[in-house]
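J.: Numbering (the working numbering), first residue to last: 0 to 348. Heads up, the beta-carbon is just placed ideally off N, CA and C, and yes, glycines get one too. Because the structure is a prediction, the values reported are computed rather than measured. Below: one structure in structure tokens.
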Ligand code: DP6
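Shown next, in the form of structure tokens:
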């Protein structure tokens, strides 16, 4: 017999960034962070997990290619989920799995993401959130006190925030074992559903410094990082929660832009400095700042993660339309013949 479960999880975009760990193995952050979870139709992972007594070992395929599960992050997620597995019964198939059986049974996992392959957008948040959620579903793991988000966190920090829709806060927690470092939903996806998020793909190249390495280097070398985590972020998190509660776009935009800029300032303050944004990213910031100035109020927010792609947030479809017009005017899409030379490799994007 084979028993299966499938689930889908979207990625999330931080408006107050997570940058820096106090425990590398457990993935415990040095500050709280807040994000908005995207619509699953665009950037999401879909995972199917199967269990069968005929499987001889745990195996996983990512976008159709087998990958190794020997890494600590996968092993931690699998171990923690198995610990909490419950009894499972499928009467129709006549299957009964007792909770102690899960330790002996092996899993086959297939995961796909619908991220445009050329877009160079990170997928670890959606990937680990989806993996852990699907395992929990198959193995009848009860989500008590955000336990499941704490397991996804051990796959990739930002993954814990993709466990919920809408606006989500990852509380850094205090406990050494990480049990209180969990995600909580601040507002559901219907609370502020006028918001439009546009992702401007600036480069499809793989980033040079991964988030994991970058934040480790910042923790080791940036004198600004501690100031940010202890003095700036706590106040900003409270203000952001207030802005979300009252759907105050101008505050959301001001805090989001300021936090993205401070995160990139920390990257510059790291030794050697890390440059995630490029010239095009800077031009997009200027375009948004000019747009906001000309409209007399904050119409659009920008935020950049560990790469040059811009995430732009507009309060509604009308403003999003205006923003797209400006973007296309300043960055006209390539003509067909230009596109051909990009593809053939004569030009770089
Ligand atoms: C800049 O969650 O990818 O996107 O925990 O090492 O897997 P690991 O890092 P990851 O870092 C995300 C960093 C960020 C900011 C954020 O999403 O909060």
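1) Can you give me the C-alpha to C-alpha distance between residue 31 and residue 269, rounded to a whole angstrom?
2) Between 77, 15, 106, 279, which has its C-alpha nearest residue 166's C-alpha?
3) Within 10 angstroms of its Cβ, does residue 77 collect 16 or more other Cβ (buried), or is it exposed?
4) Compute the minimum distance between the beta carbon of residue 156 and the heavy atoms of the ligand DP6, and state whether it is under 6 Å.
5) Go through the segment 152-180 residue by residue and report every complete run of the beta strand (DSSP E) that reaches 3 residues or more, in order.
6) Given a threshold of 16 other Cβ atoms within 10 Å of its Cβ, counted over all protein chains shown, does residue 137 qualify as buried or as exposed?
7) Between the alpha carbons of residue 42 and residue 120, how many angstroms are there, rounded?
8) Leaving out the 5 sequence neighbours to the left and right, which residues in its chain are closer than 8 Å to residue 209 when beta-carbon positions are compared?
9) Rounded to whole angstroms, what's the CA-CA distance from residue 347 to residue 198? Just pull it up for me.
10) Hey, could you find the ends of the beta strand (DSSP E) residue 302 is sitting in?
11) Are residue 9 and residue 37 touching if we call contact CB-CB under 7 Å?
12) Helix, strand or coil for residue 33 per DSSP?
13) Using a threshold of 6 Å, is the CB atom of residue 103 nearer than that to any non-hydrogen atom of the ligand DP6?
14) Would you call the segment 102-111 in contact with the segment 50-66, where contact means no fewer than 3 C-beta pairs closer than 8 Å?
15) My understanding is that residue 217 touches residue 266, with C-beta atoms under 8 Å, so please give their C-beta distance in whole angstroms.
16) Just to confirm, is the Cβ distance from residue 88 to residue 95 under 7 Å?
17) Helix, strand or coil for residue 18, going by three-state DSSP, please let me know.
18) Would you say the beta carbon of residue 264 is closer than 6 Å to some non-hydrogen atom of the ligand DP6?
19) How many angstroms separate the CA atom of residue 250 from the CA atom of residue 326?
20) Would you mind stating whether residue 193 and residue 11 have Cβ atoms separated by less than 7 Å?
21) Compare the Cα-Cα distances from residue 287 to each of 57, 321, 243 and report the closest residue.
22) Is it buried or exposed for residue 244, if we count other Cβ within 10 angstroms and need 16 for buried?
23) With DSSP run on the structure shown, which of helix, strand or coil describes residue 309?
T.: This is what the structure holds:
1) Sequence index remark: in the chain shown, residue 31 carries index 32 (1-based). Sequence index remark: in the chain shown, residue 269 carries index 270 (1-based). Their Cα atoms are separated by approximately 21 Å.
2) Sequence index remark: in the chain shown, residue 166 carries index 167 (1-based). For residue 166, the nearest C-alpha among the options comes from 15.
3) Locating residue 77 in the chain shown gives position 78, where the first residue counts as 1. Looking at its Cβ environment, which holds 16 or more other Cβ atoms inside 10 Å, residue 77 is buried.
4) If you number the chain shown from 1, residue 156 lands on position 157. At least one heavy atom of the ligand DP6 is nearer than 6 Å to the Cβ of residue 156, so yes.
5) 166-169
6) Counting from 1 along the chain shown, the entry for residue 137 is found at position 138. Buried, by the Cβ-count rule.
7) One-based indexing of the chain shown puts residue 42 at position 43. One-based indexing of the chain shown puts residue 120 at position 121. The straight-line gap from Cα to Cα measures roughly 9 Å.
8) Along the chain shown, one-based indexing puts residue 209 at 210. Cβ within range, chain order: 305.
9) In the chain shown, counting from the first residue as 1, residue 347 sits at position 348. In the chain shown, counting from the first residue as 1, residue 198 sits at position 199. Here residue 347 scores only 47 on pLDDT, less than 50, and its place in the model is too uncertain to base an answer on.
10) Counting from 1 along the chain shown, the entry for residue 302 is found at position 303. In the DSSP assignment, residue 302 falls within the beta strand (DSSP E) that extends over 300-302.
11) Taking the chain shown and counting its residues from 1, one reaches residue 9 at position 10. Taking the chain shown and counting its residues from 1, one reaches residue 37 at position 38. Against a cut-off of 7 Å, the Cβ pair of residue 37 and residue 9 comes out as a contact.
12) If you number the chain shown from 1, residue 33 lands on position 34. The answer is strand: DSSP assigns residue 33 an E or B state.
13) As a position in the chain shown, residue 103 is number 104, starting the count at 1. No, the ligand DP6 has no heavy atom inside 6 Å of this Cβ.
14) yes
15) Along the chain shown, read from residue 1 onward, the residue named residue 217 stands at position 218. Along the chain shown, read from residue 1 onward, the residue named residue 266 stands at position 267. So it is a contact: roughly 7 Å between Cβ atoms.
16) Taking the chain shown and counting its residues from 1, one reaches residue 88 at position 89. Taking the chain shown and counting its residues from 1, one reaches residue 95 at position 96. Yes, the pair counts as a contact, with Cβ atoms nearer than the cut-off.
17) Locating residue 18 in the chain shown gives position 19, counting from the first residue. It is coil, neither helix nor strand.
18) Position 265 of the chain shown, counting from 1, holds the residue named residue 264. Answer for residue 264: no, Cβ out of range of the ligand DP6.
19) Residue mapping note: residue 250 aligns to position 251 of the chain shown, counting from 1. Residue mapping note: residue 326 aligns to position 327 of the chain shown, counting from 1. Straight-line Cα distance between these residues: approximately 23 Å.
20) Counting from 1 along the chain shown, the entry for residue 193 is found at position 194. Counting from 1 along the chain shown, the entry for residue 11 is found at position 12. Going by C-beta atoms, residue 193 is not nearer than 7 Å to residue 11.
21) Taking the chain shown and counting its residues from 1, one reaches residue 287 at position 288. The residue with the shortest Cα to Cα distance from residue 287 is 321.
22) Looking up residue 244 in the chain shown gives position 245. Counting Cβ neighbours within 10 Å, residue 244 comes out exposed, since fewer than 16 surround it.
23) Taking the chain shown and counting its residues from 1, one reaches residue 309 at position 310. In the structure shown, residue 309 sits in a strand (DSSP, three-state: E or B).
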